[in-house]
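Peer 1: Those protein sequence lines, which keep their order, are chains A and B.
With the first sequence counted from 1, adding 222 to any position gets you the numbering used here.
With the numbering used here, the residue at position 163 of the second sequence is 153, and numbering never jumps.
Sharing a structure with you now.
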Amino acid sequence: MADVVPLPGVLAQLRLIAGLRWTLLRNGLQRKNNRWDLVGIILAGVFAGILVVGLSAAFCAGAYAILAKNRAGWMALLFWAVFLWWQVFPIFVAGFGANFEFKTLLRFPLSQRAFYLLGLGYGFADFAAVAAVCWVAAMNLGAAMARPEVLPVMLAVSVLFVLMNVTLERLIGSWLERIMAKRKTRELFIGLFVLSMVSLNFLNPMMQRYGMAARPKVLHYLPYLAWLPGSLAGRAVAGSVHGDMRATLLGVAGLVVWLGVTSGFLWQRFAAQYRGEEISESAAPAPAKKKTNGSVASLEAAKAGSSNEEWLPMVPVTVAAVALKEFRYMTRNGMAFLTLLLPPIMVVFFTMQFGKGSALREHAFNSEKFFPGIMAYLILILIMPAYNSFAFEGKGIQTYFMAPLRFQDVLMGKNLFLVTLVSFELGLSLALLMWRVGWPSPSMFATTIAGGAFAVLGQLTIANWSSLSFPKKMEIGKMKGQRNSGVAVWTAFGVQIVLGGVCAVIILAGRWLSEPWMPAIAFAGLTAAAVAGYVASLAALSRLAERKKELLIETLCR
Amino acid sequence: MGEIAIATQKLTRTFGALTAVDGIDLQVQAGHFFGFLGPNGAGKSTTIKMLTGLLAPTSGRMELLGLDFQQHSIEVKRQIGVVPEGMGLFERLTGGEYLRFVGRMYGLDRSTTEKRSEELLEFMQLADRKKTLIADYSHGMQKKLALAAAVIHGPRILFLDEPFEGVDALAAGALKALLGRMTERGVTIFLTSHVLEIVERLCSHVAIIHQGRLVAQGSLEELRAGVAGSAGETKTLEQIFLSIVGQSGAEQSRLEELTWLT
Chain A
223 MADVVPLPGV LAQLRLIAGL RWTLLRNGLQ RKNNRWDLVG IILAGVFAGI LVVGLSAAFC
283 AGAYAILAKN RAGWMALLFW AVFLWWQVFP IFVAGFGANF EFKTLLRFPL SQRAFYLLGL
343 GYGFADFAAV AAVCWVAAMN LGAAMARPEV LPVMLAVSVL FVLMNVTLER LIGSWLERIM
403 AKRKTRELFI GLFVLSMVSL NFLNPMMQRY GMAARPKVLH YLPYLAWLPG SLAGRAVAGS
463 VHGDMRATLL GVAGLVVWLG VTSGFLWQRF AAQYRGEEIS ESAAPAPAKK KTNGSVASLE
523 AAKAGSSNEE WLPMVPVTVA AVALKEFRYM TRNGMAFLTL LLPPIMVVFF TMQFGKGSAL
583 REHAFNSEKF FPGIMAYLIL ILIMPAYNSF AFEGKGIQTY FMAPLRFQDV LMGKNLFLVT
643 LVSFELGLSL ALLMWRVGWP SPSMFATTIA GGAFAVLGQL TIANWSSLSF PKKMEIGKMK
703 GQRNSGVAVW TAFGVQIVLG GVCAVIILAG RWLSEPWMPA IAFAGLTAAA VAGYVASLAA
763 LSRLAERKKE LLIETLCR
Chain B
-9 MGEIAIATQK LTRTFGALTA VDGIDLQVQA GHFFGFLGPN GAGKSTTIKM LTGLLAPTSG
51 RMELLGLDFQ QHSIEVKRQI GVVPEGMGLF ERLTGGEYLR FVGRMYGLDR STTEKRSEEL
111 LEFMQLADRK KTLIADYSHG MQKKLALAAA VIHGPRILFL DEPFEGVDAL AAGALKALLG
171 RMTERGVTIF LTSHVLEIVE RLCSHVAIIH QGRLVAQGSL EELRAGVAGS AGETKTLEQI
231 FLSIVGQSGA EQSRLEELTW LT
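This is the structure:
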């Protein structure tokens, strides 16, 4: 019979968890691929240190200036800054995935109280929390230097404010953990997150257009913020400075209520986890099974597939199958969907900034420049994934090597889908450009289309080579570590700079020679050459795929 | 002697200094249910990967259905089905979409692919999850789907790497029946499993690989005959396996080190 040993205390368990996190980080850095991450971490550490120390000095000076100049009401602004940082920054990094799931600790013999305290302790072991605590401490230092008699109230308010913030952050974090644990909600969250980031581009033009009109409404709702933690903390400190005991007590009481409410909710969340709430990904429940027999199912299937017509009659079956699979993958990849939304969004954004009717009217481009410029930019965005086109295949890559086909069919299927997609996107963007900016001259229109075709088709061969030679696994619905290999990125940039240079020289030569149709003709010729080069490269790329088979399988099935 | 489905000569694969498979000479007759056994890291999966075109051998030859793999890889692949290690599924497709994709990749026409996909999904009890992505399948469901994909084109040789791992008893029973029927129709099944009882029940012939070398090959009776035992005693496959790889009795001495637990 094994011995039953006494449990360690909560402090010892906290120490063990800190040790565990450190070991995970250290072991992660020992992996060969993560050496560069170490450099990244050191650089990030330096920048983070500068941010924390620099802003600590700013918060200290701010608190000192506010209290020394007897403007204690403004202390709320400092508390608000800390509050927003503490609550918003962790949400920004949540999309990049946590290395360590806190709830996995539940397999150890912990009481619910210990689990709760460990959860709060985990909340303090976070960059946002460490920085925020430093800034609150700096505010206390500034306050002590300016008005020493305020320090007791300032300290009490700071403690409550810090406890409330860490509790609220953990509460939001535990809900985020729940959201991020399931594939569908995680992808939706990340999609909305990226979309909101893209939407920030429109903030400036919107402010320029509607800022003045919105101001009275914003001022109308401002007093309601008085009951939020930043304002309550500021009110308590201001009350102490002005000798207004009622205001101080009201502020402190408000913070206590906030702390109590958030603690109650957090206790409930942790209790649910403690009881064994299952939030991880698991098999979706089956819908109620319809009573069918095999023959009926076969009949239905036969009916559905009675037509033996191909959906792409001119294309080999295997190529069409890969293209269809690529389409299905795109429809299930939130990030890819966003990439599709990006070109029209960017067209609207650029035309708002620089086009007709924009606030920057004096910089307005004419459609002759706008057309080729924006097309080049859109091709840059849309073609980039082709340089690591197997990124999302995962273990499915084995199917391509097990199936009886030449690998060039796989490449052609992928390229066919990409060219169709790029054509659709460019067509959509062209329509938007015509609406927002107007038609260019026929020669410039033809030049843009032919130049775009050359730029896309000219890249496919090299993009295929890059995909086979420098594969990097990526996962749908995750943001952490989701980047192409460095070589693939530099290859793409190099190719795009060269092609962009060639296109620019041809367009400028047309203008210099006053031959407006010359660039379009030159691009058509180059496109034909690019297609010929592409076709000629396929057999060599098939052989390359065979040579790189093990690298691809090892990298993507990991 | 019948037709040889799988034959290798001095098949070798090295990874740097490590020789994972060391000059093995395998012979599997058509229609046999063949078990390929070995301890962890013995070279089983490496051998299957080479035999299915997922890994190139460092040296040696492989012939499947009388065709040299290197020279006729597409023709060979057309006639084999594989459930590889890790299953090789495209997780962002639904089960039906994946089967239709695989069917088309093996050159089946559209109506045949549709019909077989539906029938296989029905047989594997996956038909009621038409809209569920493979990523949301349980491990056992993924295994069943991988097996369905491996047989959709009616292969003459089926390679199965741990096919029953994670599959529930009901489904496993149905799968075993299916595989049994396939061998009756002349399909060769090459299977690896750590569950020796399954291999013993299903397979007529067995090979054992240990540290990259083939240490035994033959029918179960031949292997039993080769292992010394007391008169009248019928050795189980587990006993044969432990006897051949030289591990019998080793666990007893290791257990003695855990006196605080035992």
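Where a beta carbon is used, it is the ideal one built from N, C-alpha and C, also for glycine.
List the whole-angstrom C-beta distance separating residue 488 of chain A from residue 400 of chain A, where the pair is believed to meet the contact cut-off of C-beta under 8 Å.
Peer 2: About 13 Å; that fails the 8 Å criterion.
Peer 1: Would you check if there are 3 or more beta carbon pairs closer than 8 Å linking the stretch 338 to 352 of chain A to the stretch 421 to 434 of chain A?
Peer 2: No: fewer than three Cβ pairs fall under 8 Å.
Peer 1: Would the stretch 629 to 636 of chain A count as touching the stretch 706 to 718 of chain A if we require 3 or more Cβ pairs under 8 Å?
Peer 2: Judged by Cβ distances under 8 Å, the stretch 629 to 636 of chain A makes no contact with the stretch 706 to 718 of chain A, as fewer than three pairs qualify.
Peer 1: Based on the DSSP secondary-structure assignment, which residues constitute the bridge partners of residue 51 of chain B?
Peer 2: Residue 51 of chain B is bridged to B:-1.
Peer 1: Answer with yes or no whether the minimum CB distance from residue 554 of chain A to chain B is below 8 Å.
Peer 2: Chain B contact via Cβ: present.
Peer 1: Just list the residues that DSSP pairs residue 233 of chain B with in beta bridges.
Peer 2: DSSP, once it has assigned bridges, lists no residue as partnering residue 233 of chain B.
Peer 1: On the DSSP bridge list, what partners appear for residue 200 of chain B?
Peer 2: BP columns for residue 200 of chain B point to B:203.
Peer 1: Could you run through the stretch 327 to 356 of chain A and flag, in chain order, every residue whose CB is less than 8 Å away from some CB of chain B?
Peer 2: Per Cβ criterion, the list is empty.
Peer 1: Give the C-beta separation of residue 342 of chain A and residue 332 of chain A to the nearest angstrom, bearing in mind that I take them to be a contact with Cβ-Cβ under 8 Å.
Peer 2: At roughly 13 Å, the Cβ-Cβ gap does not stay under 8 Å, so residue 342 of chain A and residue 332 of chain A are not in contact.
Peer 1: What residues are listed by DSSP as bridge partners for residue 293 of chain B?
Peer 2: Within the shown structure, residues of chain B are numbered from -9 to 252, placing residue 293 of chain B beyond reach of any answer.
Peer 1: Put residue 567 of chain A into one of helix, strand or coil per three-state DSSP.
Peer 2: Three-state result, residue 567 of chain A: helix.
Peer 1: Assign residue 79 of chain B to one of three DSSP states: helix, strand, or coil.
Peer 2: Coil, per DSSP.
Peer 1: Which residues in the same chain have their Cβ closer than 7 Å to the Cβ of residue 493 of chain A, if we skip the five residues on either side of it in sequence?
Peer 2: Contacts found: 334.
Peer 1: Do we get a CB-CB distance below 8 Å when we pair residue 543 of chain A with the residues of chain B?
Peer 2: Chain B, which has a Cβ nearer than 8 Å to the Cβ of residue 543 of chain A, makes this yes.
Peer 1: Please list, in chain order, the chain A residues whose beta carbon lies closer than 8 Å to that of residue 255 of chain B.
Peer 2: Not covered by the structure: residue 255 of chain B. The range shown for chain B is -9 to 252.
Peer 1: In chain A, which residues lie less than 8 Å from residue 68 of chain B when you measure between Cβ atoms?
Peer 2: Within 8 Å Cβ-Cβ: 626.
Peer 1: Which residues in chain A sit within 8 Å of residue 169 of chain B, going by Cβ to Cβ distance?
Peer 2: Ordered by position in chain A, no residue passes the 8 Å Cβ test against residue 169 of chain B, which lies about 19 Å from the chain.
Peer 1: I'd like to know if the stretch 80 to 95 of chain B and the stretch 118 to 126 of chain B are in contact, where contact means that at least 3 CB-CB pairs between them fall below 8 Å.
Peer 2: With a cut-off of 8 Å, the stretch 118 to 126 of chain B and the stretch 80 to 95 of chain B count as touching, because enough Cβ pairs lie within range.
Peer 1: Just to confirm my understanding: we take residue 389 of chain A, look at its own chain, exclude 5 residues before and 5 after, and list those with CB closer than 8 Å. What are they?
Peer 2: Excluding positions up to five away in sequence, the list reads 342, 345, 481, 484, 485 and 488.
Peer 1: For residue 9 of chain B, name the three-state secondary structure that DSSP assigns.
Peer 2: Residue 9 of chain B: strand per DSSP, three-state reduction.
Peer 1: Of all Cβ atoms in chain A, is any one closer than 8 Å to the Cβ of residue 42 of chain B?
Peer 2: Interface residue, yes.
Peer 1: Is it buried or exposed, residue 129 of chain B, if we count other Cβ atoms within 10 angstroms and call 16 or more buried?
Peer 2: Label assigned to residue 129 of chain B: exposed.
Peer 1: Flag residue 126 of chain B as yes if its beta-carbon sits less than 8 Å from any beta-carbon of chain A, otherwise no.
Peer 2: Closer than 8 Å to some Cβ of chain A, the Cβ of residue 126 of chain B qualifies, so yes.
Peer 1: Taking residue 413 of chain A as the query, report the chain B residues whose CB atoms sit under 9 Å from its CB, ordered along the chain.
Peer 2: Within chain B, no residue comes near residue 413 of chain A; the closest Cβ sits about 15 Å away, beyond 9 Å.
Peer 1: Closest by CA to residue 774 of chain A, which one among A:761, A:725 and A:689?
Peer 2: It is A:689 whose Cα lies nearest to the Cα of residue 774 of chain A.
Peer 1: Can you list, in chain order, the stretches of the alpha helix (DSSP H) that have 4 or more residues and sit fully within the stretch 707 to 764 of chain A?
Peer 2: List check, alpha helix (DSSP H) in window: 708 to 734.
Peer 1: Do residue 2 of chain B and residue 9 of chain B come within 8 Å of each other at the CB atom, strictly closer than that value?
Peer 2: Against a cut-off of 8 Å, the Cβ pair of residue 2 of chain B and residue 9 of chain B comes out as a contact.
Peer 1: Would the beta-carbon of residue 182 of chain B fall within 8 Å of that of residue 152 of chain B?
Peer 2: Against a cut-off of 8 Å, the Cβ pair of residue 152 of chain B and residue 182 of chain B comes out as a contact.
Peer 1: Run through chain A and tell me which residues come within less than 7 Å of residue 72 of chain B, C-beta to C-beta.
Peer 2: The answer, in chain order, is 624.
Peer 1: How many Å lie between residue 377 of chain A and residue 285 of chain A at the Cα?
Peer 2: If you take the alpha carbons of residue 377 of chain A and residue 285 of chain A, they lie about 13 Å apart.
Peer 1: If the cut-off is 9 Å on Cβ atoms, which residues from the stretch 284 to 310 of chain A count as contacting chain B, listed in chain order?
Peer 2: Those residues of the stretch 284 to 310 of chain A that come within reach of chain B (Cβ to Cβ, closer than 9 Å) do not exist; the list is empty.
Peer 1: On a Cα-Cα basis, can you pick out the residue from B:72, B:23 and B:192 that is closest to residue 37 of chain B?
Peer 2: The shortest Cα separation from residue 37 of chain B among B:72, B:23 and B:192 belongs to B:72.
Peer 1: Are residue 207 of chain A and residue 413 of chain A touching if we call contact CB-CB under 8 Å?
Peer 2: Outside the shown range of chain A, which is 223 to 780, sits residue 207 of chain A, and nothing can be said about it.
Peer 1: Please go through the same chain and pick out, in chain order, the residues whose beta-carbon is closer than 8 Å to the beta-carbon of residue 620 of chain A, but skip the five residues on each side of it.
Peer 2: Excluding positions up to five away in sequence, the list reads 775 and 779.
Peer 1: Residue ranges of each alpha helix (DSSP H) run of no fewer than 4 residues wholly in the stretch 319 to 389 of chain A, ordered along the chain?
Peer 2: Listed in chain order, they are 334 to 346 and 349 to 368.
Peer 1: On a CA-only basis, which of B:144, B:46 and B:-7 is nearest residue 784 of chain A? Give me that one, please.
Peer 2: It is not possible to answer for residue 784 of chain A, since the shown part of chain A is limited to 223 through 780.
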